[in-house]
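Q:
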């Protein structure tokens, strides 16, 4: 495919690009596409590639520039912008967030400051659903961030026995993060002028519900955001956890095909130029997604289960299998078809034995006993390991570790098997999950460092935008029935800084979020919205808020307020297990 020559390269590649016995050559080759530098796509269109997980784009106008996306942290964004500024030092007039994922927005304060936005110097454009996407679902606590850490290998070192790249970028680099809310949001389409540049913004829900693409009609350039995820098969189901609709994604790609694009800019990876090649790429990409969906549904209609789909539908058809933009470096066919089954049918695959199975630990005990006991299982696992049957080793020892998680021989052998699986896969996401799981199982995972990293991913600017009702809903999911049984309590929260009030009704084992504070609340608390956010998220203990004078009880008793907070589980102070369960 015609990728333009870079305008300049920095000589760096943040991915691991050396040949190694523990890295398949295909993965090494893919990592080498991520050399850091700036590409010119058309006159006045420049893309910074390889500075982080995603790209930053600069379009130069008559009296200013337009920036699209700003990477995952301020340090990487600063470097990308500095190199783009070698092309033009005209002032930034607007920023576009292509969507809400943190690798596209969290470096914003290296590009702009709040004062520029507040005084109208710079506009920020986004879809109206962006804020909801940025906020995510606080009810799920730290687990989404933990699964992200396994996906990108946060406790691995860059190198032959660690992370290589992430499939769509070099790595999700941690660092200084922030967020500035958009000044203009829209649905459907929005036509704008920035520094003499005509741009049509158009919603294209696919990888993200708030995804937008950008069409520059005067130049024939189309920025496709993450509708095309770069030089990889799209991740229709990410292992970190998300639900995506493959047919909606196909419709988004077909939307791109409506434009007479001479060049494509992506949210990840190198750009592409040439009208015919752009059309061919879009057709191949949409065909790949539709093929996986349609063939999964065809087999489902014949009675195939989720697991049978992954055993049967394992790769793209021959005409697409070797396409340079469709290698399984981010998404895979196997993980996608499992999710497609779940989208239509849910978890039940049809075997009545799985409706109400034995508890997992009891089931494991019976499996181990049926296989001849613990020593026999270890012996079988060792034989399988020596035969290179690493998937079977991992499955065998899962039963043993559910029965006895402290069995060190089983832990060591399963961790070794997972590492071998990681070293053999060309998919860096699978690799990272295998290698992170191995560290968890053999006890070498630096849990304290990883927890600190995950807490640092909590964007303080995003936290400040969290609506109180969303946080109350999250609090309700932490109600512990063992603590709250028999408690019937109505609560009103009154915020002196905004004049808003919020309510909660506890009925023994359920906490209902109320639209406003009830007039007859048994317990009323007066505070401010920032303090209430701290209380609801667990970042601010109730005793400290009282001692600081930030919260007072105006109805009921201080003891009653202390009792209220004791009914809820605190946010997790340590990491839950993922692989050792």
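In the numbering used here, the protein residues as written are 3 to 583.
Every residue gets a Cβ at the ideal spot worked out from N, C-alpha and C, and that includes glycine.
Check whether the Cβ atoms of residue 255 and residue 298 sit closer than 8 Å, and answer yes or no.
A: Position 253 of the chain shown, counted from the start, is the residue given in the question as residue 255. Position 296 of the chain shown, counted from the start, is the residue given in the question as residue 298. No, they are not a contact pair.
Q: Please report the residue range of the beta strand (DSSP E) in which residue 96 lies.
A: Taking the first residue of the chain shown as position 1, residue 96 is located at position 94. Residues 94–98.
Q: When the Cβ atoms of the segment 87–104 are set against those of the segment 20–33, are three or more pairs found closer than 8 Å?
A: The segment 87–104 is not in contact with the segment 20–33.
Q: Candidates 507, 51 and 546: which alpha carbon is nearest residue 270's?
A: Within the chain shown, numbered from 1, the residue matching residue 270 stands at position 268. Considering only alpha carbons, the answer is 51.
Q: Per the DSSP calculation, residue 487 is bridged to which residue(s)?
A: On the chain shown, position 485 is the one that residue 487 refers to. DSSP lists no partner for residue 487.
Q: How many Å lie between residue 492 and residue 246 at the Cα?
A: In the chain shown, the residue the question calls residue 492 occupies position 490. In the chain shown, the residue the question calls residue 246 occupies position 244. Rounded to the nearest angstrom, the two C-alpha atoms are 38 Å apart.
Q: Report the three-state DSSP secondary structure of residue 143 (helix, strand or coil).
A: The residue labelled residue 143 in the question sits at position 141 within the chain shown. Here residue 143 sits in coil by DSSP.
Q: Consult DSSP for residue 356 and reduce its assignment to one of helix, strand or coil.
A: On the chain shown, residue 356 is found 354 positions in, with the first residue counted as 1. Helix.
Q: Hey, quick one: how far does the beta strand (DSSP E) through residue 225 stretch, first residue to last?
A: Here residue 225 is taken as the residue at index 223 of the chain shown, counted from 1. Where residue 225 is concerned, the enclosing beta strand (DSSP E) stretches over 223–225.
Q: Would you give the residue range spanned by the alpha helix (DSSP H) that residue 566 belongs to?
A: Translated into the one-based positions of the chain shown, residue 566 becomes position 564. Element bounds for residue 566: 560–568.
Q: Classify residue 287 as helix, strand or coil using the three-state DSSP reduction.
A: The count along the chain shown starts at 1 and reaches residue 287 at position 285. Residue 287 falls in the helix class under three-state DSSP.
Q: Would you check if the segment 293–310 and the segment 348–368 touch, i.e. whether three or more CB-CB distances between them fall below 8 Å?
A: With a cut-off of 8 Å, the segment 293–310 and the segment 348–368 count as touching, because enough Cβ pairs lie within range.
Q: Report the rounded CA-to-CA distance for residue 525 versus residue 462, giving the unit in angstroms.
A: Along the chain shown, one-based indexing puts residue 525 at 523. Along the chain shown, one-based indexing puts residue 462 at 460. Each residue's alpha carbon lies about 30 Å from the other.
Q: Looking only at C-alpha atoms, which of 58, 67, 382 and 353 sits nearest to residue 200?
A: Here residue 200 refers to the residue found at position 198 when the chain shown is read from its first residue. Ranking the options by Cα distance to residue 200, first place goes to 67.
Q: Please identify the residue among 563, 324 and 337 whose C-alpha is closest to the C-alpha of residue 1.
A: The structure shown does not extend to residue 1, since the chain is modelled only from 3 to 583, so the question has no answer here.
Q: Please report the residue range of the beta strand (DSSP E) in which residue 200 lies.
A: The count along the chain shown starts at 1 and reaches residue 200 at position 198. Looking at the DSSP string, the run of the beta strand (DSSP E) that includes residue 200 is 199–205.
Q: Would you mind sorting residue 512 into buried or exposed? The rule is 16 or more other CB atoms within 10 Å of its CB.
A: Indexing the chain shown from 1 puts residue 512 at position 510. That one is exposed.
Q: Taking DSSP as the reference, what is the three-state secondary structure of residue 313?
A: Residue mapping note: residue 313 aligns to position 311 of the chain shown, counting from 1. DSSP places residue 313 in helix when its eight states are reduced to three.
Q: Whole angstroms is fine: what's the gap from residue 629's alpha carbon to residue 238's?
A: Residue 629 lies beyond the stretch modelled for the chain, which goes from 3 to 583, so this question has no answer here.
Q: In this structure, does DSSP put residue 466 in helix, strand or coil?
A: For the purposes of this step, residue 466 is identified with residue 464 of the chain shown, where counting begins at 1. It is coil, neither helix nor strand.
Q: Since residue 398 and residue 383 should fall inside the 8 Å C-beta cutoff, what is the C-beta to C-beta distance between them, to a whole number of angstroms?
A: The residue labelled residue 398 in the question sits at position 396 within the chain shown. The residue labelled residue 383 in the question sits at position 381 within the chain shown. With 8 Å as the limit, residue 398 and residue 383 qualify as a contact, their Cβ atoms being about 5 Å apart.
Q: Specify the secondary structure class of residue 526 as computed by DSSP and reduced to three states.
A: Your numbering for residue 526 matches position 524 in the chain shown. Residue state, collapsed to three classes: strand.
Q: Name the two residues that bound the continuous beta strand (DSSP E) containing residue 249.
A: Taking the first residue of the chain shown as 1, we reach residue 249 at position 247. Per DSSP, residue 249 belongs to no beta strand (DSSP E); it is in the alpha helix (DSSP H), 248–258.
Q: Taking DSSP as the reference, what is the three-state secondary structure of residue 175?
A: Mapped onto the chain shown, residue 175 falls at position 173. Looking at residue 175 - three-state DSSP - the assignment turns out to be coil, as it is neither helix nor strand.
Q: Are residue 468 and residue 137 close, meaning C-beta to C-beta below 8 Å?
A: Start at 1 with the first residue of the chain shown, and residue 468 comes out as number 466. Start at 1 with the first residue of the chain shown, and residue 137 comes out as number 135. Taking 8 Å as the Cβ cut-off, residue 468 and residue 137 qualify as a contacting pair.
Q: If you run the structure through DSSP and keep just helix, strand and coil, what is residue 71?
A: In the chain shown, counting from the first residue as 1, residue 71 sits at position 69. Residue 71: coil per DSSP, three-state reduction.
Q: If we count Cβ pairs, one from each stretch, closer than 8 Å, do we get three or more for the segment 67–79 versus the segment 32–43?
A: No: fewer than three Cβ pairs fall under 8 Å.
Q: Residues in its own chain within less than 8 Å of residue 249 by CB, not counting five upstream and five downstream?
A: As a working mapping, residue 249 is identified with position 247 in the chain shown. So the qualifying residues of the chain are 292 and 295.
Q: Give the DSSP bridge partners of residue 42, in chain order.
A: Along the chain shown, read from residue 1 onward, the residue named residue 42 stands at position 40. Partner(s): 48.
Q: Under 8 Å by Cβ, that's how I've got residue 172 and residue 55 pegged, so tell me the actual separation to the nearest angstrom.
A: The residue labelled residue 172 in the question sits at position 170 within the chain shown. The residue labelled residue 55 in the question sits at position 53 within the chain shown. The Cβ separation is near 7 Å, so the contact holds.
Q: Would you call the CB atoms of residue 420 and residue 450 closer than 8 Å?
A: Along the chain shown, read from residue 1 onward, the residue named residue 420 stands at position 418. Along the chain shown, read from residue 1 onward, the residue named residue 450 stands at position 448. Not closer than 8 Å, so no.
Q: Mapping the DSSP letters down to three states, classify residue 6 as helix, strand or coil.
A: Within the chain shown, the letter at position 4 stands for residue 6. It is coil, neither helix nor strand.
Q: I'd like the span of the alpha helix (DSSP H) that includes residue 438, first residue to last.
A: Position 436 of the chain shown, counted from the first residue, corresponds to residue 438. Its alpha helix (DSSP H) spans residues 430–444.
Q: For residue 430, is the classification buried or exposed, using 16 other Cβ atoms within 10 angstroms of its Cβ as the cut-off for buried?
A: In the chain shown, counting from the first residue as 1, residue 430 sits at position 428. Buried, because 16 or more other Cβ atoms sit within 10 Å of the Cβ of residue 430.
Q: May I ask you to report which of helix, strand or coil DSSP gives residue 455?
A: Here residue 455 refers to the residue found at position 453 of the chain shown. Three-state result, residue 455: helix.
Q: Check residue 16 in the structure and name its three-state DSSP category.
A: Working through the chain shown from its first residue, we reach residue 16 at position 14. Residue 16: coil per DSSP, three-state reduction.
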